[in-house]
Amino acid sequence: MIRASLETENETYYCIGTVLANRGCWSFLKGGFVLNYPSNSSTIFFQNTDAKDIVHNIDIASPSLQPFTKQQWGINQQYIINTKRKRAVTIHVSDTNGRKLQGASVYVEQISKDFPIGSAIAKTILGNIPYQNWFVKRFNAAVFENELKWYATEPHEGKVNYTISDQMMQFVRANKIIARGHNIFWEDPKYNPAWVLNLTGTQLQSAVNSRIKSLINQYKTEFIHWDVSNEMLHFDFYEQRLGPNATFHFFEVAHESDPLATLFMNDFNVVETCSDVNSSVDAYISRIRELRKYGVFMDGIGLEGHFTKPNLPLIRAILDKLATLDLPIWLTEIDISNTLDQDTQ
Numbered sequence: 001m002i003r004a005s006l007e008t009e010n011e012t013y014y015c016i017g018t019v020l021a022n023r024g025c026w027s028f029l030k031g032g033f034v035l036n037y038p039s040n041s042s043t044i045f046f047q048n049t050d051a052k053d054i055v056h057n058i059d060i061a062s063p064s065l066q067p068f069t070k071q072q073w074g075i076n077q078q079y080i081i082n083t084k085r086k087r088a089v090t091i092h093v094s095d096t097n098g099r100k101l102q103g104a105s106v107y108v109e110q111i112s113k114d115f116p117i118g119s120a121i122a123k124t125i126l127g128n129i130p131y132q133n134w135f136v137k138r139f140n141a142a143v144f145e146n147e148l149k150w151y152a153t154e155p156h157e158g159k160v161n162y163t164i165s166d167q168m169m170q171f172v173r174a175n176k177i178i179a180r181g182h183n184i185f186w187e188d189p190k191y192n193p194a195w196v197l198n199l200t201g202t203q204l205q206s207a208v209n210s211r212i213k214s215l216i217n218q219y220k221t222e223f224i225h226w227d228v229s230n231e232m233l234h235f236d237f238y239e240q241r242l243g244p245n246a247t248f249h250f251f252e253v254a255h256e257s258d259p260l261a262t263l264f265m266n267d268f269n270v271v272e273t274c275s276d277v278n279s280s281v282d283a284y285i286s287r288i289r290e291l292r293k294y295g296v297f298m299d300g301i302g303l304e305g306h307f308t309k310p311n312l313p314l315i316r317a318i319l320d321k322l323a324t325l326d327l328p329i330w331l332t333e334i335d336i337s338n339t340l341d342q343d344t345q
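Numbering (the UniProt record's numbering), first residue to last: 1 to 345.
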């Protein structure tokens, strides 16, 4: 992986863009940065981040650095809002006989939002009226924080319990809130049930098949999305035990269990930074293309957003690259580090 970094008179930007470059062909690197302090001089470095692969020469062609002000960014932002998010509407008012009325006053009241804005909900929302009212007033989408995860629904082998998640589903359904299914599997071993860690081979394969079918059959058509394999760019618990095609199998069985289900990948440090070699934007794109080649039905891109101070130009560059996959992109989690001061947050 080739990483671009920037050094100014006052600061060093460790990563402003990356690309998984291949030998013998050109690879497109797109990034961005915001200067916090003026500088009379600066240097952009291009470096290979893979210590095992020594690159003697990095050729660069057609470099372009396009500066912009906050005002220019805002103008472009407003232009996109006006052209992509808004529509012109012509309203004709008639009486009961179909005659047009001149000078009629029309009042428009928004009674629901089409654009989903959500938050995680915990089981503490059950029976907690103030919590419920606070949530319903602000959000039209939800994700169960922990209550769908395998360690929550089957802490002991063979003893599946959906009591809590069923009650949470009743709450979101009653309030017409859409919900995401998070998650079927988590590749990080520390977030798997303890009993699963001891399974191997056919035992583990049988357990994962039962998990997929049980969960999806319980909530078929209830969730708008399923995070099938969580954080698969960073961890490979199931691949180590079931082989390199384990994830392909998860998506395949999930699709067979519910052909109408919308299946997602989901991972962190894709838009938050470009310094994580495991989850670069190109690594994400490569993984989805690999799944597609295997015949996996992939319907969406899930991005966790655990930010310190967001680098908006870099985020824009990463989203532009992801958009080449022509799939819906969802920020599935968003939080800002509480180590930052209140104004920055």
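Note that beta-carbon positions come from the ideal geometry of N, C-alpha and C, so glycine has one too.
**Request:** Specify whether the stretch 309 to 325 and the stretch 251 to 271 touch according to this definition: at least 3 beta carbon pairs, one from each stretch, less than 8 Å apart.
**Result:** For the pair of segments examined, the stretch 309 to 325 was found to touch the stretch 251 to 271: the number of CB pairs separated by less than 8 Å reaches three.
**Under the three-state DSSP convention, the category K321 falls into** = Here residue 321 is taken as the residue at index 321 of the sequence shown, counted from 1. K321 falls in the helix class under three-state DSSP.
**Message:** Assuming W134 is part of the alpha helix (DSSP H), what are its boundary residues?
**Reply:** The residue you call residue 134 lines up with position 134 of the sequence shown. Per DSSP, W134 belongs to the alpha helix (DSSP H) from 129 to 138.
**Request:** Under the assumption that A152 contacts S119 (Cβ atoms under 8 Å), give the Cβ distance between them as a whole number of angstroms.
**Result:** Looking up residue 152 in the sequence shown gives position 152. Looking up residue 119 in the sequence shown gives position 119. Their Cβ separation, rounded to whole angstroms, is 18 Å, which puts A152 and S119 out of contact at 8 Å.
**Asked** Can you list, in chain order, the residues of its chain whose CB lies under 7 Å from that of F248, leaving out five sequence neighbours each side?
**Response** Here the question's residue 248 lines up with position 248 in the sequence shown. Excluding sequence neighbours, F248 sits near L291, Y294, V296.
**Request:** Would you grab the beta carbon distance between F46 and I60 for me? Rounded to a whole angstrom, and I think it's under 8 Å.
**Result:** Position 46 of the sequence shown, counted from the first residue, corresponds to residue 46. Position 60 of the sequence shown, counted from the first residue, corresponds to residue 60. Yes, they are in contact, since the Cβ atoms of F46 and I60 sit about 7 Å apart, within 8 Å.
**Prompt:** Taking W330 as the reference, which of R289, Q342, F264 has the closest Cα?
**Reply:** As a first step, residue 330 is located in the sequence shown; it is residue number 330 there, counting from the start. Out of R289, Q342, F264, F264 has the C-alpha closest to the C-alpha of W330.
**Message:** Can you find the residues in the same chain that come closer than 6 Å, C-beta to C-beta, to G74, ignoring five residues on each side of it along the sequence?
**Reply:** Numbered from its first residue, the sequence shown carries residue 74 at position 74. If we look at G74 and ignore the five residues flanking it on each side, it has no Cβ neighbours.
**Prompt:** What are the boundary residues of the alpha helix (DSSP H) that Q203 is part of?
**Reply:** If you number the sequence shown from 1, residue 203 lands on position 203. Where Q203 is concerned, the enclosing alpha helix (DSSP H) stretches over 201 to 218.
**Asked** Once you ignore the five residues that flank L6 on each side, which residues in its own chain have a CB closer than 8 Å to its CB?
**Response** As a working note, residue 6 is residue 6 in the sequence shown. For L6, same chain residues with a beta-carbon under 8 Å away, outside a window of 5 residues either side, are T12, Y13, I16, F33, S42, T43, I44, F45 in chain order.
**Asked** If we ignore side chains and look at the alpha-carbon of each, how far apart do P259 and G181 end up?
**Response** For the purposes of this step, residue 259 is taken as the residue at position 259 of the sequence shown. For the purposes of this step, residue 181 is taken as the residue at position 181 of the sequence shown. For P259 and G181, the gap between their C-alpha atoms comes out near 15 Å.
**Contact between the stretch 298 to 315 and the stretch 325 to 341 (3+ Cβ pairs under 8 Å)** = By the criterion of at least three beta-carbon pairs nearer than 8 Å, the stretch 298 to 315 is in contact with the stretch 325 to 341.
**Request:** Could you check if Y107 is buried or exposed, using at least 16 other CB atoms within 10 Å of its CB as the buried criterion?
**Result:** The residue given as residue 107 occupies position 107 in the sequence shown. Y107 should be labelled exposed.
**Message:** What does DSSP give as the partner residue(s) for R3 in the beta ladder?
**Reply:** On the sequence shown, residue 3 is found 3 positions in, with the first residue counted as 1. Bridge partners of R3: T18, Q47.
**Item:** the stretch 277 to 285 contacting the stretch 236 to 254, beta-carbon criterion three pairs below 8 Å
**Value:** Short answer: they don't touch.
**Prompt:** What is the rounded straight-line gap between the Cα of T96 and the Cα of Q102?
**Reply:** Your numbering for residue 96 matches position 96 in the sequence shown. Your numbering for residue 102 matches position 102 in the sequence shown. For T96 and Q102, the distance between alpha carbons rounds to 14 Å.
**Asked** Of all the options V136, D276, P189, which has the alpha carbon lying nearest to the alpha carbon of L20?
**Response** Position 20 of the sequence shown holds residue 20. Selected option, being the one with the closest Cα: D276.
**Rounded distance between the beta-carbons of L199 and F171, thought under 8 Å** = Stepping through the sequence shown from its first residue, residue 171 is reached at position 171. Stepping through the sequence shown from its first residue, residue 199 is reached at position 199. Contact doesn't hold; Cβ gap of about 34 Å is too wide.
**Request:** Look up W73 in the DSSP assignment and say whether it is helix, strand or coil.
**Result:** Taking the first residue of the sequence shown as position 1, residue 73 is located at position 73. The answer is helix: DSSP assigns W73 an H, G or I state.
**Request:** Could you have a look at K176 and say whether DSSP puts it in helix, strand or coil?
**Result:** For the purposes of this step, residue 176 is taken as residue 176 along the sequence shown, with counting starting at 1. Coil.
**Prompt:** Three-state secondary structure (DSSP) at V281?
**Reply:** Indexing the sequence shown from 1 puts residue 281 at position 281. Three-state result, V281: helix.
**Request:** Could you tell me how far apart the beta carbons of E187 and F237 are, in whole angstroms, since I believe they sit closer than 8 Å?
**Result:** Walking along the sequence shown from the start, residue 187 turns up at place 187. Walking along the sequence shown from the start, residue 237 turns up at place 237. So it is a contact: roughly 5 Å between Cβ atoms.
**Request:** Grab me the residues of V228's own chain with a C-beta within less than 6 Å of its C-beta, minus the 5 sequence neighbours each way, in chain order.
**Result:** Position 228 of the sequence shown holds residue 228. Excluding residues within five positions, the ones whose Cβ falls inside 6 Å are I184, F250, F251, A254, L263.
**Asked** If we count the other Cβ atoms within 10 Å of its Cβ and call it buried at 16 or more, is L242 buried or exposed?
**Response** Along the sequence shown, read from residue 1 onward, the residue named residue 242 stands at position 242. Here L242 is buried. Its C-beta has 16 or more other C-beta atoms within 10 Å.
**Asked** At what residues does the beta strand (DSSP E) containing A142 begin and finish?
**Response** Looking up residue 142 in the sequence shown gives position 142. Note, A142: beta strand (DSSP E), 141 to 144.
**Message:** Quick check on this structure: which residue in K84, G98, S62, A88 has the alpha carbon closest to the alpha carbon of F115?
**Reply:** Here residue 115 refers to the residue found at position 115 when the sequence shown is read from its first residue. Looking at the Cα atoms, K84 is the closest of the given residues.
**Request:** Please say whether M298 and L322 have beta carbons closer to each other than 9 Å?
**Result:** For the purposes of this step, residue 322 is taken as residue 322 along the sequence shown, with counting starting at 1. For the purposes of this step, residue 298 is taken as residue 298 along the sequence shown, with counting starting at 1. It is not a contact, given that the beta carbons lie outside the stated cut-off.
**Message:** Under DSSP, the alpha helix (DSSP H) around E256 begins and ends at which residues?
**Reply:** Here residue 256 is taken as the residue at index 256 of the sequence shown, counted from 1. In the DSSP annotation of this structure, the continuous segment of the alpha helix (DSSP H) that includes E256 starts and ends at 246 to 257.
**Prompt:** Name the DSSP bridge partner or partners of M265?
**Reply:** Locating residue 265 in the sequence shown gives position 265, counting from the first residue. Bridge partners of M265: S229, I301.
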